[in-house]
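Protein chains in written order, with our numbering: chain W, 1 to 188; chain F, 1001 to 1068.
Presented below is the structure to which this report refers.
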């Protein structure tokens, strides 16, 4: 009997090899990573289920079409998918004339404020001010903050997305936090 | 353009399992992939424009060699 391969017993590198040989086996990678990437896109968009679904499909479509160009550098396959998803969401926002509001939970802002040495207890007004300050950050800096605090990714995952070392990812995050803290104290 | 705002309404920012299930469809993705990447199965003789182009090209080449 010809049994279908199971995504749980194969490593990412093996799954990629299978998919490179036979594109229908890309379904195993899709099955393994769809939920994760959909959640990521959904949160980045601040909801919008159908748009998140379309963008996620596009992410997997691009990955499937460019699979032959994919090089295994020891990072999980998801880091490549995250990178494609980051680009696709950025393209979506750039292409839209409408302004979108992406909500962030209060506890995420509190965590960021604590890490930035701003304080752990903030009023709603102060939290809103901090969010406004974040909106003024450079795109690249905001992206890292978003990954760490709003998407709640680990330093290891951030490092894999940017193909940098974990300590480098930590350094980047803390440098931005320091900048935020300094700016906050300067304004108060 | 996107702008972050504070989630004052306390809405759930994570998708539900039902939403994920609704959007997950590999057969649709595979079908679209096939549509985009696979060449048209239409035979050459049934594509009049391409047929004419190749015919004229062949005729020009033939005349060039014949005259030469």
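Where is the CB? At the ideal position from N, CA and C, for every residue including glycine.
For clarity, every value in this text was computed on a predicted model and none was experimentally measured.
On a Cα-Cα basis, can you pick out the residue from the options that is closest to residue i?
i, options, result
"residue 192 of chain W", "W:172, W:100, W:124 and W:139", "Given that chain W is displayed from residue 1 to residue 188, the structure contains no residue 192 of chain W and the question cannot be resolved."
"residue 81 of chain W", "W:103, W:57, W:100 and W:97", "W:57"
"residue 1024 of chain F", "W:167, W:93, W:54 and W:25", "W:54"
"residue 30 of chain W", "W:183, W:59 and W:50", "W:59"
"residue 48 of chain W", "W:10, W:92, W:8 and W:12", "W:92"
"residue 1015 of chain F", "W:37, W:32 and W:100", "W:37"
"residue 99 of chain W", "W:46, W:84, W:52 and W:149", "W:46"
"residue 137 of chain W", "W:173, W:114 and W:121", "W:173"
"residue 89 of chain W", "W:112, W:103, W:52 and W:114", "W:52"
"residue 114 of chain W", "W:180, W:11 and W:8", "W:180"
What residues match up with residue i in a beta bridge as DSSP calls it?
i, result
"residue 76 of chain W", "Paired residues: none, contrary to the question."
"residue 1056 of chain F", "Paired residues: none, contrary to the question."
"residue 131 of chain W", "Residue 131 of chain W pairs with nothing; no bridge assigned."
"residue 103 of chain W", "F:1005"
Less than 8 angstroms between the C-beta atoms of residue i and residue j, yes or no?
i, j, result
"residue 193 of chain W", "residue 145 of chain W", "One cannot answer for residue 193 of chain W here, as it falls past the ends of chain W, which runs 1 to 188."
"residue 106 of chain W", "residue 1006 of chain F", "yes"
"residue 155 of chain W", "residue 143 of chain W", "no"
"residue 16 of chain W", "residue 72 of chain W", "yes"
"residue 1003 of chain F", "residue 87 of chain W", "no"
"residue 133 of chain W", "residue 183 of chain W", "yes"
Check distances from the C-beta atoms of the region 23–35 of chain W to those of chain F and list, in chain order, the residues that come in under 9 angstroms. Cβ proximity to chain F below 9 angstroms picks out 23, 24, 26, 27, 30, 31, 34 and 35 from the region 23–35 of chain W.
Tell me, please, whether the region 115–132 of chain W touches the region 154–162 of chain W by the rule of three or more beta-carbon pairs shorter than 8 angstroms. Under the Cβ criterion (8 angstroms, minimum of three pairs), the region 115–132 of chain W does not count as touching the region 154–162 of chain W.
Quick check: the region 41–50 of chain W against the region 1014–1023 of chain F, are there 3 or more CB pairs under 8 angstroms? The region 41–50 of chain W is in contact with the region 1014–1023 of chain F.
What residues in the region 1010–1021 of chain F have a beta carbon less than 7 angstroms from any beta carbon of chain W? Going along the region 1010–1021 of chain F in chain order, one finds 1011, 1013, 1014, 1015, 1019 and 1020 with a Cβ nearer than 7 angstroms to chain W.
Is the region 1044–1058 of chain F in contact with the region 67–77 of chain W, if contact means three or more CB pairs nearer than 8 angstroms? No, because fewer than three Cβ pairs between the region 1044–1058 of chain F and the region 67–77 of chain W fall closer than 8 angstroms, the two stretches do not touch.
Using a Cβ distance threshold of 8 angstroms, determine whether the region 57–72 of chain W contacts the region 14–30 of chain W, with at least three qualifying pairs required. As far as the Cβ criterion goes, the region 57–72 of chain W touches the region 14–30 of chain W, which means the pair count is three or higher.
Pull out every residue of the region 127–144 of chain W whose Cβ sits closer than 7 angstroms to any Cβ of chain F, in chain order. Here the close residues are 127, 128, 131, 134 and 135.
Return the residues of the region 100–112 of chain W that lie within a Cβ-Cβ distance of less than 9 angstroms from chain F, sorted by chain order. Going along the region 100–112 of chain W in chain order, one finds 100, 101, 102, 103, 104, 105, 106, 108 and 109 with a Cβ nearer than 9 angstroms to chain F.
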